[in-house]
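Worksheet: one structure, shown below.
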Amino acid sequence: IKRKDTKVVKVGNVPVGGGNPISIQSMTNTNTCDVVSTVKQIKDLEAAGADIVRVSVPGFDEAKAFKEIKNAVNVPLVADIHFDYKIALEVADSADCLRINPGNIGKEDRVKEVINAAADNNVPIRVGVNAGSLEKDLQKKYGEPNADALVESALRHVEILDRFNFDNYKMSLKASNIEMTVDAYRKISELINQPLHLG
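Read in order, the letters of the sequence shown are residues 897 to 1095 in this note's numbering.
The following block contains the structure:
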């Protein structure tokens, strides 16, 4: 198999994409506010071979805890932001990557603030598109989730990032159906030159 030579994005000290080794990422399932347990789990994941670890940051208490956790570990951390763009702004100075779904962040000026914070801190964004939370108009257009719907949703996010000249991102397309996921990745790979996050 010949790998596509994509743009390289750095998550902390881990280069993702291009000709670099495929990096392994996992995610904590502890309560983020439980700093001791979360740090222990991150260190266990690192010992098991994880190059990058994602930590859920749904609120401001978790954002405060995230900063403590970041100071206690060596492996790069991705801050998993759910809906509130202000939380992304809060952790942009400490996260090694911000995981957002621009469609869930809301108005474009909010997305722009997150992009600016990421750019100011030289932090990449992982754009997440999920079959389970596609935009309503795409659900109506396609009837049910499929690869084309995922790609169209992803390209909407890419368009926003392009408009603000931001290309420090990797793309994730998720569906519980493996064939749909593979099909979506193959299609998006022909349209963008960013590294892809699988899983």
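Heads up, the beta-carbon is just placed ideally off N, CA and C, and yes, glycines get one too.
In this structure, V905 and G913 form a Cβ contact; the two beta carbons are roughly 6 Å apart against a cut-off of 8 Å.
Boundaries of the alpha helix (DSSP H) harbouring K1032: 1032-1038, taken from the DSSP string. Counting only the Cα atoms, L1046 lies some 16 Å from I1056. Using a Cβ distance threshold of 8 Å, I948 and V974 count as a contacting pair. Taking C-beta separations shorter than 6 Å and ignoring five residues to either side along the sequence, the partners of V1025 in its chain run L1046, S1049, A1050, L1069, following chain order. Beta bridge pairing from DSSP links V910 with V907. Taking C-alpha positions only, K1036 is separated from R1052 by approximately 16 Å.
Taking the Cα positions, S1029 is about 32 Å away from V932.
The straight-line gap separating the alpha-carbon atoms of Y1065 and I977 is approximately 15 Å.
Sequence-distant partners of A961 (beyond 5 residues in either direction) whose C-beta falls short of 6 Å from its own C-beta, in its chain, are T928, C929, V931.
Distance check between A946 and each of V1007, F956, T924, D1044 places T924 closest, using alpha-carbon atoms only.
In this structure, DSSP gives Q921 an extended state, which the three-state scheme calls strand. Ranked by Cα distance from N1042, the options I996, S922, V907, I1084 are led by I1084. Burial check for S1072: the Cβ neighbour count within 10 Å stays below 16, so the residue is exposed.
In the structure shown, V1023 falls within a strand segment according to DSSP collapsed to helix, strand and coil. Counting along the chain, the unbroken beta strand (DSSP E) around D976 starts and ends at 973-976. Taking C-beta atoms under 8 Å as the contact rule, R1022 and Y981 fail to qualify, at a distance of about 15 Å.
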